[in-house]
Amino acid sequence: MTNQINGKQTAADIVASVKTSASHLLASNGLMTGLAVVIVGDDPASHTYIGAKGRVAKECGFQSIQHTLPEATDQETLEHLIRQLNEDTTVHGILVQLPLPMHLDSDRVIQLIDPDKDADGLHILNAGKLAIGDLKSGLLPCTPAGAMVLIRQIHGADLSGKTAVVVGRSNLFGKPMGQMLLYANAIVTMAHSRTSDLSSICATADILTVAVGQPEMVRATWVKPGATVIDVGINRVSAPERGANGSRLVGDVAFDEVARVAGSITPVPGGIGPMTIAMLMANTITAACRVAGVEGQLSDSTS
Ligand code: GUN
7 MTNQINGKQT AADIVASVKT SASHLLASNG LMTGLAVVIV GDDPASHTYI
57 GAKGRVAKEC GFQSIQHTLP EATDQETLEH LIRQLNEDTT VHGILVQLPL
107 PMHLDSDRVI QLIDPDKDAD GLHILNAGKL AIGDLKSGLL PCTPAGAMVL
157 IRQIHGADLS GKTAVVVGRS NLFGKPMGQM LLYANAIVTM AHSRTSDLSS
207 ICATADILTV AVGQPEMVRA TWVKPGATVI DVGINRVSAP ERGANGSRLV
257 GDVAFDEVAR VAGSITPVPG GIGPMTIAML MANTITAACR VAGVEGQLSD
307 STS
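In this text, residue positions in the sequence shown follow my numbering: the first is 7, and each later residue adds one.
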């Protein structure tokens, strides 16, 4: 399919660039970039994501440390670990995989992360910088930053006159995505689960981003012909054709039918997923470069 956006390839290019930066940082400053990932509990999807993040971190030449804590971990133990990682000078990026088990207060944990090591860009200091239009001095949330790289490849840096619809208003994706599109001069509509006539609103979009966790919710009739469609959903659905317990991954967009209408569309898997991981590596090298007092070398692809 010609209009399929190759997130895998762009992610591989970013990872290659991070790897080069990491080896320069090691050679010229003796600094080995360190990423610590923390996972609590047994959620298989989260373990898959964390495994991929650790693998790519190693590919970048980082020291990658995974802290796997049992489901029953209490708040105090988790917070103690975060404080230790904050103080550990060999760690430049910290990521706590979400969602955390229900009994834990995710927000308190995220706000405890040193904002300079906040590889996910979720700390209020980083979120606040983005909210006031400072896209340079903090760290940006990985998934919308990755989506922005793909959008820029198609439309250029200036989205003046383009209509963007963001479906979903999470702190992880929708809110920061809307802000990034706004700073790129798009006309931005934020839609969400309480929006009425969502399909008509989506149909106004030159750029449509969707992160709602509803398998194949967006249909061809919701999409303006020629639109750029960014699908952030990763939903596992049953696939009896793959055997008794067969399953497959689908996005929040009905790919096959929407691909016939859209100008460009991200596949699931292989679209936004690899970009999120690549941007996590980009944030980590940026954080390490700041510690070393050297310019990060990724500003073109990540800003
Ligand atoms: N869970 C789903 N997406 C993400 C992400 O980008 N970062 C973290 N920490 N957890 C997630």
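For every residue, glycine included, the Cβ atom is placed at its ideal position computed from N, Cα and C. These figures come from a predicted structure and were not determined experimentally.
Looking at ligand 1, does it come within less than 7 Å of residue i, judged from the CB to the closest heavy atom?
i: D113; result: no
i: D48; result: no
i: L101; result: yes
i: T272; result: no
i: D126; result: yes
i: T74; result: no
i: T290; result: no
i: T16; result: no
i: T149; result: yes
i: T215; result: no
i: T282; result: yes
i: L104; result: yes
i: L136; result: no
i: L156; result: no
i: L118; result: no
i: R110; result: The amino acid occupying residue 110 in the given sequence is Leu; Arg does not appear at that position. Checking the Cβ of L110 against ligand 1 gives no.
i: L178; result: yes
Is DSSP giving residue i helix, strand or coil here?
i: A22; result: helix
i: A190; result: coil
i: D306; result: Caution applies to D306, whose pLDDT of 45 falls short of 50 and renders its modelled position unreliable; the value that the coordinates give is listed next. In the structure shown, D306 sits in a helix (DSSP, three-state: H, G or I).
i: T149; result: helix
i: T83; result: helix
i: M108; result: coil
i: M38; result: coil
i: L286; result: helix
i: V297; result: helix
i: S206; result: helix
i: T215; result: strand
i: T16; result: helix
i: L91; result: helix
i: H73; result: strand
i: A58; result: helix
Please report whether the beta-carbon of residue i lies at a distance below 8 Å from any beta-carbon of chain D.
i: N191; result: The structure shown contains no chain D; it is built from a single protein chain.
Give me the Cβ distance between residue i and residue j, rounded to the nearest whole Å; I'm assuming they're in contact under 8 Å.
i: G184; j: V172; result: 5 Å
i: N9; j: S270; result: 5 Å
i: A293; j: A51; result: Actually they do not touch by this definition, with Cβ atoms about 26 Å apart.
i: C148; j: M285; result: 4 Å
i: T168; j: I213; result: Going by the sequence as given, residue 168 is Lys instead of Thr. Yes, K168 and I213 are in contact; Cβ-Cβ is about 6 Å, under 8 Å.
i: G127; j: L141; result: Wrong, their Cβ atoms sit about 11 Å apart, outside the cutoff.
i: K123; j: V102; result: That belief does not hold up - the Cβ atoms of K123 and V102 are roughly 11 Å apart, past 8 Å.
Tell me residue i's beta-bridge partners as DSSP assigns them.
i: V259; result: V224
i: T292; result: Answer is none; T292 lacks a bridge partner.
i: I100; result: A42 and D124
i: N241; result: V256
i: S270; result: T234
(Q) Pairs of beta-carbons, one from the region 222 to 232 and one from the region 247 to 266, closer than 8 Å: are there three or more? (A) yes
Q. Counting Cβ pairs, one atom from each stretch, are 3 or more of them under 8 Å apart for the region 204 to 217 and the region 241 to 256?
A. no
Q) If we count Cβ pairs, one from each stretch, closer than 8 Å, do we get three or more for the region 58 to 66 versus the region 82 to 95? A) no
Q. Hey, is the region 150 to 167 in contact with the region 280 to 295, meaning 3+ C-beta pairs nearer than 8 Å?
A. yes
Q. Quick check: the region 65 to 84 against the region 25 to 41, are there 3 or more CB pairs under 8 Å?
A. yes
Q. Using 8 Å as the Cβ pair cut-off and three pairs as the minimum, do the region 72 to 83 and the region 107 to 114 touch?
A. yes
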